[in-house]
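A.B. asks:
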Amino acid sequence: MKNMERELVCPVCKEMYKQPLALPCMHNVCHVCASEVLLQHGYLCCDPTSEPSSPAATPATRSPRLGRRGVPKPDRLDRLLKSGFGTYPGRKRGTVHPQTISFPCPACQRDIDLGERGLGSLFRNLTLERVVERYRQTINISAAIMCQFCKPPQLEATKGCTECKSSFCNECFKLYHPWGTQKAQHEPTPPTLTFRPKGLMCPEHKEEVTHYCKTCQRLVCQLCRVRRTHTSHKITPVLSAYQALREKLTKSLAYILSSQDTVQTQIAELEETVKHTEVNGSQAKEEVSQLIQGLCSMLEEKRASLLQAIEECQQERLASLHYQIQEHQAMLENSGMVGYAQEVLKETDHPCFVQAAKQLHNRILRATDSLQSFRPAATASFSHFQLDVSRELKLLTDLAFIKVPEAPVIDTQRTYAYDQIFLCWRLPQHSPPAWHYTVEYRKTDAKAKGLKLWQRREEVRGTSALVEYLDTDSVYVLRVKGCNKAGFGEYSEDIYLHTPPAPVLNFFLDNRWGFNRDRLAISKDQRAVRSVPGIPMLFAAERLMTSCHLSIDLVIGDVAITQGKSYWACCVDPSSYLVKVGVGLESKLQEWFQVPQDVVSPRYDPDSGHDSGAEDTTVDAPPPYAFLTIGMGKILLSHGSAFTSRDPNGCTVPLPPRIGICLDYEQGKVSFYDAVSFRELWECGVDCSGPVCPAFCFIGGGALHLQELVANKQERKVTIGGFAKLD
Numbered sequence: 003m004k005n006m007e008r009e010l011v012c013p014v015c016k017e018m019y020k021q022p023l024a025l026p027c028m029h030n031v032c033h034v035c036a037s038e039v040l041l042q043h044g045y046l047c048c049d050p051t052s053e054p055s056s057p058a059a060t061p062a063t064r065s066p067r068l069g070r071r072g073v074p075k076p077d078r079l080d081r082l083l084k085s086g087f088g089t090y091p092g093r094k095r096g097t098v099h100p101q102t103i104s105f106p107c108p109a110c111q112r113d114i115d116l117g118e119r120g121l122g123s124l125f126r127n128l129t130l131e132r133v134v135e136r137y138r139q140t141i142n143i144s145a146a147i148m149c150q151f152c153k154p155p156q157l158e159a160t161k162g163c164t165e166c167k168s169s170f171c172n173e174c175f176k177l178y179h180p181w182g183t184q185k186a187q188h189e190p191t192p193p194t195l196t197f198r199p200k201g202l203m204c205p206e207h208k209e210e211v212t213h214y215c216k217t218c219q220r221l222v223c224q225l226c227r228v229r230r231t232h233t234s235h236k237i238t239p240v241l242s243a244y245q246a247l248r249e250k251l252t253k254s255l256a257y258i259l260s261s262q263d264t265v266q267t268q269i270a271e272l273e274e275t276v277k278h279t280e281v282n283g284s285q286a287k288e289e290v291s292q293l294i295q296g297l298c299s300m301l302e303e304k305r306a307s308l309l310q311a312i313e314e315c316q317q318e319r320l321a322s323l324h325y326q327i328q329e330h331q332a333m334l335e336n337s338g339m340v341g342y343a344q345e346v347l348k349e350t351d352h353p354c355f356v357q358a359a360k361q362l363h364n365r366i367l368r369a370t371d372s373l374q375s376f377r378p379a380a381t382a383s384f385s386h387f388q389l390d391v392s393r394e395l396k397l398l399t400d401l402a403f404i405k406v407p408e409a410p411v412i413d414t415q416r417t418y419a420y421d422q423i424f425l426c427w428r429l430p431q432h433s434p435p436a437w438h439y440t441v442e443y444r445k446t447d448a449k450a451k452g453l454k455l456w457q458r459r460e461e462v463r464g465t466s467a468l469v470e471y472l473d474t475d476s477v478y479v480l481r482v483k484g485c486n487k488a489g490f491g492e493y494s495e496d497i498y499l500h501t502p503p504a505p506v507l508n509f510f511l512d513n514r515w516g517f518n519r520d521r522l523a524i525s526k527d528q529r530a531v532r533s534v535p536g537i538p539m540l541f542a543a544e545r546l547m548t549s550c551h552l553s554i555d556l557v558i559g560d561v562a563i564t565q566g567k568s569y570w571a572c573c574v575d576p577s578s579y580l581v582k583v584g585v586g587l588e589s590k591l592q593e594w595f596q597v598p599q600d601v602v603s604p605r606y607d608p609d610s611g612h613d614s615g616a617e618d619t620t621v622d623a624p625p626p627y628a629f630l631t632i633g634m635g636k637i638l639l640s641h642g643s644a645f646t647s648r649d650p651n652g653c654t655v656p657l658p659p660r661i662g663i664c665l666d667y668e669q670g671k672v673s674f675y676d677a678v679s680f681r682e683l684w685e686c687g688v689d690c691s692g693p694v695c696p697a698f699c700f701i702g703g704g705a706l707h708l709q710e711l712v713a714n715k716q717e718r719k720v721t722i723g724g725f726a727k728l729d
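If you count the sequence shown from 1, you need to add 2 to reach the working numbering.
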């Protein structure tokens, strides 16, 4: 018990608990300390040193030492009373909305709502009191018992009263047991700290608690139980709550005691982290200091350079102005040039005069021009040497530590699973940049007991990646996080993708034989086809009004399936008039190409909505064809599908962005899927006695294109393979 003293110290007075109260936030505080905290926040409360049965509850018998307690000023008390707190003479009860008391918990720093009754609604923590007493006895604390009614500095208690449940000094005992009253008959006992009720009492009704309300998580008495506030609450006997909590506490404590090695290991790890924190913190301070010092040095160099430029310009201007001043001083009456000119004019020898006057006349002309068009040789303004440091100041103001990237956002419109998973993401608009990313994924298995380990690839450049080597017909969960100099950011939200039910079949549309080139146009990459009915459809308009003669155009894939399971997907233009996607026996498809295109198709049954080829075979034999009918943005379902069985009145479903086809050659079965959610749309049998080809039919205008393999995407990508497993 000697190591648990910090569990027994009040967070307010920093001493061992005295009459602790249990707060709703699961913390404890001394009764006296709680009252003083409320008083400091402007709440009026009864004498905190007493219980209802204590003599301190009598206002007329307060100890004179209590007068030292700080009391709010009269104007503050009046303001509190007028705000609706408490009662005062002349105020009608119920005229003001009752005030609830908010207690700031010193342990968790939260404001705790104590209701209207304040501390009177709290239970006294008798168990904690007993633990404190046993702790004192264990460590042999021989400290004197102090009077419970003296204001600090408290006097040592000399007497105790069993009926008052308090310890007194001589002065307070006489004051609370005056002569001539019933309390004077109380027998004094030695002072003690063990005055407490025998059982836990309801603070509102003063009845022994007998039940526990699970809804309110509070002990209640019989009167509380029948109150309206606990109507329809889960209330159990206190014995049941005791047994349940004791069992949980015992198991939790046993787990902690059995994990002492783990605790020691974690403590050692934390201590090592503390050392690294100190070292890394000092290193970070040094780096910041060096960077700021570098900025200061660069600013000092720049300052010297700018000042040197101003100095050079200033000296150049001063030299020009001083020279101009000298020229003007030479034009003064008593100057050398004017006097020299006057002396030259006195020369009478004509050749000599011409020789001297010619040189002097040029100087006089320059002086005359300078005098007539006077302008200072240099300006005195230095306005063009002003600095605009607004941008630099903003940069310095915004100078801050690098932040980690925010959680990336997965682009669900571009992310999909086909032969591989193409994962695409972006950073939020105002997120710090990321140098690279870490992509993680794992396979989910509902039957497995534990989760599979994450697989990852670090330092992924760009904002997209390919995940390959996946299992078919499985669900994978993926996530991404960014990284820069500040470290790793948060993970993106997990995205779940379903892989195809079979290996993806890569093929192209066959443009060598069979299809009608007048009405069908196949793209250069042989992955898209468009039906343009044109004039032949116009000529057939009259027959379409009077019979079932339709023009059906067929195009097939350039591969034939002879074994195993295969899956492929295509996108059908929602504006297509009528398109059929499916499979058929290669031999039957070749026969179809030989049939004129404007007669009744033996494979078209207006009643079923699908081409099953059942008319060409016996009842027991599987059909040679299986097609899913799509038209005007809808899928026509047969009456035996799962959707129509749930909704007999509806036989169509909206066209998904992609249609998936899965052929099981050995089972002789073909299934059609919503290739986005991999929800099965329809399933039927097909004759697989020979090679089977993917086939597509058009009636009227329409278009479709085959789903491109993820591995063939031309976008910048990173292939993820050979991942390291994460714990």
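Every residue, glycine too, gets a C-beta built ideally from N, C-alpha and C.
A quick note: this is a predicted structure, and the numbers were derived from the prediction, not measured.
Mind checking whether PRO625 and VAL557 have CB atoms under 9 Å apart?
C.D. replies: Counting from 1 along the sequence shown, the entry for residue 625 is found at position 623. Counting from 1 along the sequence shown, the entry for residue 557 is found at position 555. Not in contact: PRO625 and VAL557 (Cβ atoms no closer than 9 Å).
A.B. asks: With THR194 and ILE147 assumed to form a contact (beta carbons below 8 Å), what rounded beta-carbon distance in angstroms separates them?
C.D. replies: Indexing the sequence shown from 1 puts residue 194 at position 192. Indexing the sequence shown from 1 puts residue 147 at position 145. 7 Å between Cβ atoms; contact.
A.B. asks: Rounded to the nearest angstrom, what separates PRO61 and THR160 at their Cα positions?
C.D. replies: Within the sequence shown, numbered from 1, the residue matching residue 61 stands at position 59. Within the sequence shown, numbered from 1, the residue matching residue 160 stands at position 158. Because the pLDDT of PRO61 is 37, which lies under 50, any placement of that residue in the model is unreliable, and the number read from its coordinates should be weighed accordingly. Approximately 23 Å between the Cα atoms of the pair.
A.B. asks: Tell me, please, which residues DSSP counts as bridged to THR129.
C.D. replies: Locating residue 129 in the sequence shown gives position 127, counting from the first residue. Answer by DSSP bridge pairing: none, since THR129 is not bridged.
A.B. asks: Which residues does DSSP pair with LYS567 in a beta bridge?
C.D. replies: Taking the sequence shown and counting its residues from 1, one reaches residue 567 at position 565. Answer is ASP666.
A.B. asks: ILE269 to MET6, Cα distance in whole Å?
C.D. replies: Counting from 1 along the sequence shown, the entry for residue 269 is found at position 267. Counting from 1 along the sequence shown, the entry for residue 6 is found at position 4. In a straight line, the C-alpha of ILE269 is about 18 Å away from that of MET6.
A.B. asks: For PHE698, list the residues DSSP reports as bridge partners.
C.D. replies: On the sequence shown, position 696 is the one that residue 698 refers to. PHE698 is bridged to VAL557 and VAL583.
A.B. asks: Should HIS500 and ALA419 be called a contact, given that it needs their Cβ atoms to be closer than 9 Å?
C.D. replies: The count along the sequence shown starts at 1 and reaches residue 500 at position 498. The count along the sequence shown starts at 1 and reaches residue 419 at position 417. Yes, these two residues count as a Cβ contact at 9 Å.
A.B. asks: For the candidate residues ASN486, HIS330, GLU329 and PHE387, whose alpha-carbon lies nearest to that of ILE404?
C.D. replies: Translated into positions along the sequence shown, residue 404 becomes position 402. The option with the nearest alpha carbon to ILE404 is ASN486.
A.B. asks: Where SER568 and LYS216 are concerned, what is the direct C-alpha to C-alpha distance, given to the nearest angstrom?
C.D. replies: As a first step, residue 568 must be located in the sequence shown, where it is residue number 566. As a first step, residue 216 must be located in the sequence shown, where it is residue number 214. Cα to Cα, the separation comes out at about 58 Å.
A.B. asks: Exposed or buried, LYS483, counting other C-beta atoms within 10 Å across all chains shown (16 or more means buried)?
C.D. replies: Translated into positions along the sequence shown, residue 483 becomes position 481. By the neighbour-count rule (16 or more Cβ atoms within 10 Å), LYS483 is buried.
A.B. asks: Is HIS179 helix, strand or coil when you go by DSSP?
C.D. replies: Position 177 of the sequence shown holds residue 179. Reduced to three states, the DSSP call for HIS179 is coil.
A.B. asks: Hey, is the stretch 440–447 in contact with the stretch 469–480, meaning 3+ C-beta pairs nearer than 8 Å?
C.D. replies: yes
A.B. asks: From THR129 to LYS167, what distance separates their C-alpha atoms?
C.D. replies: On the sequence shown, residue 129 is found 127 positions in, with the first residue counted as 1. On the sequence shown, residue 167 is found 165 positions in, with the first residue counted as 1. One C-alpha to the other measures close to 17 Å.
A.B. asks: Going straight from the alpha carbon of GLY703 to that of CYS572, what length do you get?
C.D. replies: Within the sequence shown, numbered from 1, the residue matching residue 703 stands at position 701. Within the sequence shown, numbered from 1, the residue matching residue 572 stands at position 570. Between GLY703 and CYS572, the C-alpha separation is close to 17 Å.
A.B. asks: Which same chain residues, not among the five before or five after VAL14, have their C-beta less than 7 Å away from its C-beta?
C.D. replies: Start at 1 with the first residue of the sequence shown, and residue 14 comes out as number 12. Correct list, in chain order: VAL31, CYS32, CYS35, VAL39 and PRO108.
A.B. asks: Is it buried or exposed for PRO22, if we count other Cβ within 10 angstroms and need 16 for buried?
C.D. replies: Taking the first residue of the sequence shown as position 1, residue 22 is located at position 20. The residue is buried, with at least 16 neighbouring Cβ atoms inside 10 Å.
A.B. asks: Determine the DSSP secondary structure at MET6, reduced to helix, strand or coil.
C.D. replies: What you label residue 6 is simply residue 4 of the sequence shown in a count that begins at 1. If DSSP states are grouped into helix, strand and coil, MET6 belongs with coil.
A.B. asks: Could you round the C-beta distance between HIS188 and CYS163 to whole angstroms and report it? I think they count as a contact, below 8 Å.
C.D. replies: Residue mapping note: residue 188 aligns to position 186 of the sequence shown, counting from 1. Residue mapping note: residue 163 aligns to position 161 of the sequence shown, counting from 1. About 5 Å separates the two Cβ atoms, so the contact holds.
A.B. asks: For SER476, which three-state DSSP category applies?
C.D. replies: Here residue 476 is taken as the residue at index 474 of the sequence shown, counted from 1. DSSP places SER476 in the coil class of the three-state scheme, outside both helix and strand.
A.B. asks: Classify HIS213: buried if its beta carbon has 16 or more other beta carbons within 10 angstroms, exposed otherwise.
C.D. replies: Translated into positions along the sequence shown, residue 213 becomes position 211. Per the 10 Å Cβ criterion, buried.
A.B. asks: Quick one: what does DSSP say GLY687 is sitting in, helix, strand or coil?
C.D. replies: For the purposes of this step, residue 687 is identified with residue 685 of the sequence shown, where counting begins at 1. Reduced to three states, the DSSP call for GLY687 is strand.
A.B. asks: What's the gap between the Cα of GLN422 and the Cα of THR414?
C.D. replies: Position 420 of the sequence shown, counted from the first residue, corresponds to residue 422. Position 412 of the sequence shown, counted from the first residue, corresponds to residue 414. About 15 Å.
A.B. asks: Indicate the three-state DSSP secondary structure (helix, strand or coil) for ASP676 in the structure shown.
C.D. replies: As a position in the sequence shown, residue 676 is number 674, starting the count at 1. Strand at ASP676.
A.B. asks: Pop quiz: TRP427 and PRO410 are said to be a contact at Cβ under 8 Å. What is the actual Cβ separation, rounded to whole angstroms?
C.D. replies: Counted from its first residue, the sequence shown places residue 427 at position 425. Counted from its first residue, the sequence shown places residue 410 at position 408. With 8 Å as the limit, TRP427 and PRO410 qualify as a contact, their Cβ atoms being about 4 Å apart.
A.B. asks: Measure from the alpha carbon of GLY117 to the alpha carbon of each residue in TYR45, GLY633 and GLU288, then state which is nearest.
C.D. replies: For the purposes of this step, residue 117 is taken as the residue at position 115 of the sequence shown. For GLY117, the closest of TYR45, GLY633 and GLU288 by C-alpha to C-alpha distance is TYR45.
A.B. asks: Would you kindly work out how many angstroms separate the C-alpha atoms of PRO378 and LEU323, rounded to a whole number?
C.D. replies: For the purposes of this step, residue 378 is taken as residue 376 along the sequence shown, with counting starting at 1. For the purposes of this step, residue 323 is taken as residue 321 along the sequence shown, with counting starting at 1. When rounded, the distance between both Cα atoms is 7 Å.
A.B. asks: Which term fits GLY92, buried or exposed, when burial requires 16 or more other beta carbons within 10 angstroms of its beta carbon?
C.D. replies: Within the sequence shown, the letter at position 90 stands for residue 92. Low confidence applies here, because GLY92 scores a pLDDT of 36, under 50, leaving its location unreliable and the question unanswered by this model.
A.B. asks: Taking the CB atoms as reference points, tell me whether PHE510 and ARG529 lie closer together than 9 Å.
C.D. replies: Taking the first residue of the sequence shown as position 1, residue 510 is located at position 508. Taking the first residue of the sequence shown as position 1, residue 529 is located at position 527. Closer than 9 Å, so yes.
A.B. asks: Does the beta-carbon distance from PRO798 to ALA488 come in below 9 Å?
C.D. replies: A query on residue 798 cannot be resolved here, the shown segment of the chain reaching from 3 to 729 and no further.
A.B. asks: Look at VAL672 and VAL585 and say whether their C-beta atoms are less than 9 Å apart.
C.D. replies: To locate residue 672, count along the sequence shown from 1; it is residue 670. To locate residue 585, count along the sequence shown from 1; it is residue 583. Yes, these two residues count as a Cβ contact at 9 Å.
A.B. asks: What separation, rounded to the nearest whole angstrom, lies between the Cα atoms of ALA133 and ARG126?
C.D. replies: The sequence position of residue 133 within the sequence shown is 131, counting from 1. The sequence position of residue 126 within the sequence shown is 124, counting from 1. Residue 133 is actually Val in this sequence, not Ala. Taking the straight line from one Cα to the other gives about 14 Å.
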